[in-house]
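Here is the structure we will look at.
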Amino acid sequence: DYVHYVGANQQKKKTWDEVDPEVLRSFERLGIPEHERRYLAGLEAMNDSETVYANVKKDLEDLGIIFCDIDTAIREYPVLVRKYLGTVVTPEDNKFAALNSAVFSGGSFAYCPPGVKTPMPLQAYFKVTAASSGQYERTLLIADDGAEIVYSEGCSSVQDSATNFHTAVVELVARDNARIHYTTIQNWKKNMYNWTVKRGLCERGAHITWTDVNIGAQTMKYPGVILKGDNSTGDILSLAFAGNGQVQDTGARIIHVGKNTRSNVLAKGISLDGGINSYRGLVKFERSAENAYSHIKCDGLMMDDRSESHAYPYNDVSGEQGTLNYEATVSKIDEDMLFYLQSRGLNEDEAKLLIVNGFCEGVVRDLNVEYSVEMTRLIRMILEDGQAIASDEQATG
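Mind the numbering: the sequence shown is residues 55 to 451 in our numbering, read in order.
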């Protein structure tokens, strides 16, 4: 049987000592408590359908920043939630938004008052442990006039014996001259179906950046930005890895409404061991979007002859005064490049790793230092799992 809600019926904890030992061990293996102590202003940890840990440093409270789980926000800040929830992604938007709206539990809520910036990143971590279950969190971030929010989330699961579903909705609201930077690193098991709706709304002079890294799962995800206000801007940086048995269908959706709006999309996809990677993007210029500009760059890299890389762009330019540039490349590891690097003292695996890291650099450099270091390690593990390079044990054995 498949269940929509898996809960421990436990009160949220404010110290890691209070968290269930088994759940705590799983988060410790990921370095989450240590990461929070060193780098984060606030952290929420969600296990299956419930938030099991939530803590906000006093620095945030002193600045008037609200950061909590969405269930707490509904109870304690109903005016804010009622004003913004469902305004960017409505229940009628698509079938996944409808499902989430009907059964959602957990997720993050953040509000940054006018002119205030988060002093350190906010972070949420979503973990699925139960088999044959779904996780349906709802996240809502609001940056008021001139405010700035930096937020990151990580996702992982432990079950690979049965199918799991992740159907989340994320709404970002950037008011006049506000900025939101939202980073996701997703490493679900391959039995996870990841159908997530993510969209942001930019008012006048506002900016939203989505940085989206997809490693695991069977994924359909297209972060979006609506550039409603004049002089608003949006960036979407996407990196997807498709290994054996995986389909990564990712991309971006940007709608230009206001005048002098700007957008940039950089999508990188790596296919190996028979994986299928697809970029599916929409860029639309409304007639009101005078002097709009968008640049889309989509690159695919195939590590072997069995893998696939596709691009399905859809560009709709209704106005007459905008500029849209689209470029796409699909390539394989170049033998001449390998030969050159090997002639400089690298072995073949080291050369491949260097090429792949260089291919990913445009997205990885946007991550904070800690995540960038972790991504370098993850890229090596991905190539080893996909048999594109030998593992350390094989190399030394």
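The beta-carbon is built from N, C-alpha and C at its ideal position, and this holds for glycine as well.
By the neighbour-count criterion, in which a residue is buried when 16 or more other Cβ atoms sit within 10 angstroms of its Cβ, ASP198 is buried. Unbroken beta strand (DSSP E) runs of no fewer than 3 residues, entirely contained in the segment 175 to 232, are found at 176 to 182, 192 to 197, 202 to 211, 218 to 220, 223 to 228, following chain order.
Per the C-alpha coordinates, the member of ILE309, GLY412, ASP113, ASN248 positioned closest to GLY283 is ILE309. Linking VAL319 to THR287 through their CA atoms gives a straight-line distance of about 11 Å.
Taking C-alpha positions only, PRO145 is separated from VAL157 by approximately 11 Å. Along the length of the segment 124 to 167, whole alpha helix (DSSP H) runs at least 4 residues long occupy 124 to 130, 132 to 138, 149 to 157, reported in chain order. Using a 10 angstroms sphere on the CB of GLU381, the tally of other CB atoms stays under 16, which defines it as exposed.
Per DSSP, reduced to three states, the secondary structure at ARG434 is helical.
At a Cβ-Cβ threshold of 9 Å, VAL267 and THR221 do not count as neighbours.
Here DSSP, grouped into helix, strand and coil, assigns SER397 to helix. Across the structure, LEU437 and GLU344 are spaced so that their CA atoms are roughly 45 Å apart. When DSSP states are grouped into helix, strand and coil, GLU362 belongs to the strand group.
The beta carbon of GLY208 is closer than 7 Å to those of TYR179, ILE239 in its chain, skipping five residues each way along the sequence. Secondary structure in the segment 331 to 379: the beta strand (DSSP E) runs of 3 residues or longer, each lying completely within the stretch, are 347 to 356, 362 to 371 in chain order.
Taking the Cβ atoms as the reference, ARG253 lies roughly 7 Å from ILE280, within the contact range of under 8 Å.
According to the DSSP secondary-structure assignment, GLU381 is paired through a beta bridge with LYS351.
A straight-line Cα-Cα distance of about 12 Å links GLY118 and ALA201. With fewer than three CB-CB distances shorter than 8 Å, the segment 361 to 371 does not count as touching the segment 391 to 408. Looking at the DSSP output, GLN302 bridges to THR273, ASN331. The beta carbons of TYR347 and LEU326 sit no closer together than 9 Å. Residue nearest to GLU115 within the set LEU134, ILE124, ALA164 is ALA164 (criterion: CA-CA distance). Pairing GLY412 with MET357 gives a Cβ-Cβ distance that is not under 9 Å. Under the Cβ criterion (8 Å, minimum of three pairs), the segment 300 to 307 counts as touching the segment 327 to 343.
Comparing C-alpha distances from HIS261 to each of VAL227, ASN241, LYS243, ALA294 shows the shortest one belongs to VAL227. ARG434 has its alpha-carbon roughly 10 Å from the corresponding atom of ALA442.
The segment 236 to 286 is shown to contain no whole alpha helix (DSSP H) run of 4 or more residues. Using a 10 angstroms sphere on the CB of LYS149, the tally of other CB atoms stays under 16, which defines it as exposed.
Boundaries around LEU407 are those of the alpha helix (DSSP H), 402 to 418, since no beta strand (DSSP E) includes it. Under the three-state reduction of DSSP output, LYS322 falls in the strand class.
Here LEU291 is bridged, per DSSP, to THR265, LEU320. Taking a C-beta distance under 9 Å as the contact criterion, TYR138 and LEU194 qualify as a contact pair.
For LYS171, no alpha helix (DSSP H) segment is defined, and its DSSP state is neither H nor E. For LYS112, the enclosing alpha helix (DSSP H) stretches over residues 112 to 117.
Listed as beta-bridge partners of LYS386 by DSSP are MET356. The beta carbon of GLY161 lies closer than 6 Å to those of ILE124, GLU191, ARG192, THR193 in the same chain, with the five residues before and after it left out. Non-local C-beta neighbours of VAL384 in its own chain, meaning closer than 6 Å and more than five positions away in sequence, comprise GLY354, SER363, ordered along the chain.
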